[in-house]
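Residue numbers (UniProt numbering): 1 to 183. Heads up, the beta-carbon is just placed ideally off N, CA and C, and yes, glycines get one too. First the structure, in the form of structure tokens, and then the observations on it.
Have a look at this one:
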């Protein structure tokens, strides 16, 4: 335990040589990179949806338009957590309100990093929503007469699944624009 606290003290002492602005800019760059890791979720989810759509069309080519529509609609919803992450990354890179603020450099830097890290919560919704889209496309391929019902249920499930991504976006925006530790 003593070695860990010595390492922490060493790192904090080393960081203290940098200005608050330098720390914040550095953490902003890293935070933006972390935010974009959330793109893993939509990528996996959309790939699953596309695969299930292709599978459904391969089994029943007569329903290809219906299956494609459901797959594309579901995949678009699955992308929202990736879009949220992109927005936070762009805010961090181009208009981070923390840069230039007076205050504890470490708090400012941690806020920028925290905003980026928070967006990693978007991985789950992207995968889950893509899974729902894939299953929706699969079912429409098998039962095209139920397309309307399947799409409604799929979208309702995706909306509920998106809440984690929305929570992450809210936390990231609070850290950037209404940080309670900077008051």
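- Rounded to whole angstroms, residue 117 and residue 110 show a C-alpha spacing of 10 Å.
- Between the region 86 to 95 and the region 9 to 17 there are fewer than three inter-stretch CB-CB distances shorter than 8 Å, so the stretches are not counted as touching.
- Here residue 150 has 136, 139 and 140 as same chain residues with Cβ atoms under 6 Å from its own Cβ, once five neighbours each way along the sequence are excluded.
- Residues 121, 124 and 125 of the same chain have their beta carbon placed closer than 7 Å to that of residue 164, with the five preceding and five following residues left out of the count.
- Under the criterion of beta carbons closer than 8 Å, residue 99 and residue 13 do not qualify as touching, at roughly 24 Å.
- By the CB criterion at 7 Å, residue 78 and residue 130 fall inside the cutoff.
- Taken in chain order, the whole alpha helix (DSSP H) runs of length 4 or more contained in the UniProt domain "V-ATPase proteolipid subunit C-like" (113 to 175) are 123 to 142 and 147 to 161.
- DSSP places residue 36 in the uninterrupted alpha helix (DSSP H) bounded by 20 to 36.
- Counting only runs of at least 4 residues, the region 29 to 92 fully encloses the following alpha helix (DSSP H) elements, listed from N- to C-terminal order: 40 to 59 and 64 to 78.
- A distance below 7 Å separates the beta carbons of residue 93 and residue 32.
- The three-state secondary structure of residue 111, taken from DSSP, is helix.
- From the listed residues 46, 81, 174 and 57, the smallest Cα separation to residue 72 is found for 46.
- Distance check between residue 178 and each of 108, 62 and 154 places 108 closest, using alpha-carbon atoms only.
- In the three-state scheme derived from DSSP, where H, G and I count as helix and E and B as strand, residue 16 is classed as coil.
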